[in-house]
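Participant: I'd like to ask some things about the structure below.
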Amino acid sequence: MATIDKTQQDAEKLTAALAAVKYVKDGDVVGLGTGSTTTFAIKELGKRVKEGLKITAVASSIRTEELAKSLGIEILDLGSLSTIDISIDGADEFTETLDLIKGGGGALFREKIIASLSKNAIIITDASKKVKKLGAFTVPVEVIPLAYQYVFDQVTALGGKGQLRSIENKPFITDNGNLIIDADFGLIDDPAKLAFDLNQINGLLAHGLFINLTSKVIMSDGTDIIVFE
Ligand code: 5RP
3 MATIDKTQQD
13 AEKLTAALAA
23 VKYVKDGDVV
33 GLGTGSTTTF
43 AIKELGKRVK
53 EGLKITAVAS
63 SIRTEELAKS
73 LGIEILDLGS
83 LSTIDISIDG
93 ADEFTETLDL
103 IKGGGGALFR
113 EKIIASLSKN
123 AIIITDASKK
133 VKKLGAFTVP
143 VEVIPLAYQY
153 VFDQVTALGG
163 KGQLRSIENK
173 PFITDNGNLI
183 IDADFGLIDD
193 PAKLAFDLNQ
203 INGLLAHGLF
213 INLTSKVIMS
223 DGTDIIVFE
């Protein structure tokens with residue numbers, strides 16, 4: 003992972019966000035991700051809406067919904083849609099083959115639904131997120147509380163060292179009322195196989211491996227905008 007300072011990283015996030023927003027057209031239903039990179043894109047979309055851009059949007063988290071509404075972006079109910087024209091979201095890691103780890107912000111379940119519904123799922127990142135192999139960042143796993151120990155044990159059986167995500171010594175609770183296990187699988191040789199295996203675990207609502215869910219990754223490295231597709 004490249005080492006860069008925060009100001010540089012924020013400049014890269016902003017550059018990637020501005021490039022992604024250019025793909026949004028009048029009439030689009032836009033999926034909005036969660037996190038600091040996506041926040042740059044939402045703020046730009048808010049500006050464009052004030053200038054007359056006509057869009058509606060769906061949000062991947064309560065905080066994204068609140069931000070979007072505060073900027074005048076109309077929010078639809080995610081559960082009512084069969085398709086989304088374009089989505090813009092961040093990632094914790096990505097490879098050139100467009101495999102991702104997401105969920106650092108805990109919004110992975112709704113983010114995955116949005117990515118699944120999107121005709122054009124755009125991921126925006128700074129250069130630090132690009133990796134040869136996924137896995138330096140742990141794989142978040144959202145689990146329904148009553149299945150916690152079962153899912154934890156199944157993740158362990160797949161080779162993951164799990165840790166309950168907590169904040170200020172209290173379990174982190176997702177917008178869906180669930181828990182998150184951050185699972186360290188080491189560097190992952192076959193993310194599609196691991197994603198498949200995790201999908202078989204009952205009580206596991208979603209995991210942060212996003213395979214075949216991305217149309218393009220727009221990354222800024224501070225000098226250039228690089229598009230992987
Ligand atoms: C939230 C996510 C975010 O997109 C991911 O964690 C990247 O966040 P940031 O843009 O703040 O680095 O998956 O669940």
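Just add 2 to the spot in the sequence shown (first one is 1) and you have this note's numbering.
Cβ atoms here follow ideal geometry from the backbone N, Cα and C, with glycine treated the same way.
Quick check for students: name the residue ranges of the alpha helix (DSSP H) that lie wholly in the segment 39-82, counting only runs of 4 or more.
Facilitator: The qualifying runs are 64-72.
Participant: Just to confirm, is the Cβ distance from residue 117 to residue 123 under 7 Å?
Facilitator: Closer than 7 Å, so yes.
Participant: Are three or more beta carbon pairs between the segment 135-155 and the segment 163-177 nearer than 8 Å?
Facilitator: Yes, since at least three Cβ pairs between the segment 135-155 and the segment 163-177 fall closer than 8 Å, the two stretches touch.
Participant: Could you pull the start and end residues of the beta strand (DSSP E) that residue 200 belongs to?
Facilitator: Where residue 200 is concerned, there is no enclosing beta strand (DSSP E), although the alpha helix (DSSP H) it sits in stretches over 193-201.
Participant: Can you grab the Cα-Cα spacing for the pair residue 99 / residue 231, in whole Å?
Facilitator: The straight-line gap from Cα to Cα measures roughly 8 Å.
Participant: Give the DSSP-derived three-state secondary structure of residue 172 in the structure shown.
Facilitator: Three-state DSSP puts residue 172 in a strand.
Participant: With a cut-off of 8 Å on the beta carbons, I'd call residue 35 and residue 91 a contact; round off their distance for me.
Facilitator: The Cβ separation is near 3 Å, so the contact holds.
Participant: Using the rule of at least 16 other Cβ atoms within 10 Å of the residue's Cβ for burial, across every protein chain shown, is residue 3 buried or exposed?
Facilitator: Because the pLDDT at residue 3 is just 46, under 50, the model does not fix this residue reliably, and the value given afterwards should be weighed accordingly. That one is exposed.
Participant: Express the C-alpha separation of residue 33 and residue 24 in angstroms, rounding to a whole number.
Facilitator: Their backbone Cα atoms lie some 14 Å apart in a straight line.
Participant: Got a sec? Which residues, its chain only, sit under 6 Å from residue 69 by beta carbon, not counting five neighbours each side?
Facilitator: If we look at residue 69 and ignore the five residues flanking it on each side, its Cβ neighbours are 44.
Participant: Just checking my contact of residue 149 with residue 205 at CB under 8 Å: how many whole Å lie between their CB atoms?
Facilitator: So it is a contact: roughly 3 Å between Cβ atoms.
Participant: Between the C-alpha atoms of residue 119 and residue 18, what's the straight-line distance to the nearest angstrom?
Facilitator: Rounded to the nearest angstrom, the two C-alpha atoms are 22 Å apart.
Participant: In three-state terms, what does DSSP make of residue 225?
Facilitator: Here residue 225 sits in coil by DSSP.
Participant: Between the segment 101-114 and the segment 42-57, can you find at least three pairs of beta-carbon atoms closer than 8 Å?
Facilitator: No, the segment 42-57 does not touch the segment 101-114.
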